[in-house]
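Visitor:
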Amino acid sequence: MGNQNTTPFQSLKELPTPLKQSQCVPHKHELLICGGYQQRACYSYHTIKNEYKFICEYPSGIQLHGHCVVKLVDNNNINKDNNQITLLSFGGLNKHTLVMKYVSVWSNISNKFNKLNNYNQWTPFTDNHNNPIIMGKENGPYIGVRAVIGGRDNDLLFITFRYRYISVFDLNTFQFIKHNTLPTDYYIGSHCF
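Here my numbering is used: the first residue of the sequence shown is 771, the next is one more, and so on.
#1: Compare the C-alpha of residue 921 against each of 934, 931 and 940 and name the closest.
#2: For residue 849, count neighbouring C-beta atoms within 10 Å of its own C-beta (all shown protein chains included) and say buried if the count is 16 or more, exposed if not.
#3: With a threshold of 6 Å on Cβ separation, who are the neighbours of residue 802 within its own chain once the five nearest residues in sequence on each side are excluded?
#4: Are residue 916 and residue 896 touching if we call contact CB-CB under 8 Å?
#5: Let me make sure I understand the geometry here. Which of 892, 959 and 876 has the alpha-carbon closest to that of residue 831?
#6: Going by C-alpha distance, which of 889, 856 and 927 is nearest residue 797?
#7: Over the uninterrupted beta strand (DSSP E) stretch that includes residue 915, give me the two end residues.
#8: Please list the terminal residues of the continuous beta strand (DSSP E) segment that includes residue 809.
#9: Is there at least one non-hydrogen atom of the ligand NAD closer than 7 Å to the beta-carbon of residue 939?
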């Protein structure tokens with residue numbers, strides 16, 4: 771008889787830094803791991819090579835606790851440069867709103883080129899006039915916030931947060947267009963879409 775202790779799961783290499791409450795975004799053969807509870811480090815895990823590479827850290831003033839990271843859709847750049855993506859990180863205990871223009875750390879593009887173009891580093895999320903945008907309720911934290919991109923042109927950010935709220939943010943106008951209460955009696959937070 772064969773080995774009876776088989777499992778459908780594969781053991782992967784351990785992260786260089788233990789993370790919990792991490793936010794992850796898939797990109798080609800990578801899984802981008804964007805910080806975790808009180809840990810600012812971001813890594814790329816290459817699914818074929820079974821290896822991690824350091825991307826960057828969140829800025830020193832950012833305390834991660836219940837943040838959310840989503841991949842923005844660039845309708846103006848479809849099929850032109852699919853090596854670059856833009857990540858939006860927001861929420862958490864002290865509410866931050868940052869973006870990262872990500873180019874694979876596994877590519878041959880030099881780190882000097884990346885730094886000149888602000889690639890692979892978190893920068894403030896700004897509107898078309900370079901004014902910073904802070905997403906979140908004015909009177910409280912955004913701990914456990916979750917979001918998904920949608921709308922006809924992938925220009926709406928549907929945000930759910932505790933205790934049972936939903937908001938819709940227009941990524942073109944940089945304005946909230948709707949706030950409502952979800953029809954549930956249960957607390958939501960740190961959930962999945």
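Cβ atoms here follow ideal geometry from the backbone N, Cα and C, with glycine treated the same way.
Guide: From the atom records:
#1: Of the listed residues, the one whose Cα sits closest to residue 921 is 940.
#2: Because the pLDDT of residue 849 is 46, which lies under 50, any placement of that residue in the model is unreliable, and the number read from its coordinates should be weighed accordingly. Exposed: under 16 other Cβ atoms inside 10 Å.
#3: 795 and 814
#4: no
#5: 892
#6: 856
#7: First-last for residue 915: undefined, no H or E at that position.
#8: 809-816
#9: For the ligand NAD, the structure offers nothing, since it holds no ligand at all.
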